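Down below is the structure, laid out as structure tokens.
Residue numbers (the numbering used here): 90 to 244.
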């Protein structure tokens with residue numbers, strides 16, 4: 090029998106030190122953070138890449154996305170343009186064509202003719218011609234205005 094005089098007194102719950110985390114609890118926490126057992130990790134431990142099973146072809150891996158040919162893209166763009174010219178919004182036209190608005194803008198930008206290098210030269214030439222024509226028009230209007238004032242006797 091244990092000696093009642095040699096027994097240590099029992100401490101109240103408020104006097105007990107906080108419970109230390111046991112090694113089993115640590116392992117449980119560590120396991121819960123890791124991937125679930127049975128699932129393969131992205132790379133094996135020796136650094137070699139994992140391969141997909143040979144039974145699945147590579148094309149079958151991506152099933153949610155359709156790739157359109159250039160002809161199909163042009164058809165969808167023209168279909169959307171006609172729909173929008175009839176008064177439909179871009180959102181409605183895109184839904185009717187079966188593509189997203191972002192895809193529409195991406196295709197539209199890709200199908201636009203690429204800017205030539207001499208476009209800048211053409212733009213500068215047109216701006217110069219525009220300035221010259223504005224000056225010529227202003228000169229003619231001043232001359233006409235002066236003639237009208239002379240006829241009315243105001244000048």
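No residue lacks a Cβ here, since even glycine has one placed at the ideal position from N, Cα and C. Here the structure is a predicted model, which is why all the values come from computation and not from measurement.
Opening and closing residue of the alpha helix (DSSP H) in which residue i lies
i	result
residue 167	159 to 174
residue 235	208 to 241
residue 74	Examination of residue 74 is not possible in this model, given that the chain is present from 90 through 244 alone.
residue 186	179 to 186
Whole-angstrom C-beta distance between residue j and residue i, which should lie under 8 Å
i	j	result
residue 169	residue 182	4 Å
residue 185	residue 172	6 Å
Contact check, residue i vs residue j, beta carbons under 7 Å
i	j	result
residue 179	residue 190	yes
Local Cβ density within 10 Å of residue i, reported as buried at 16 or more and exposed below that
i	result
residue 238	exposed
residue 194	exposed
residue 156	exposed
residue 165	buried
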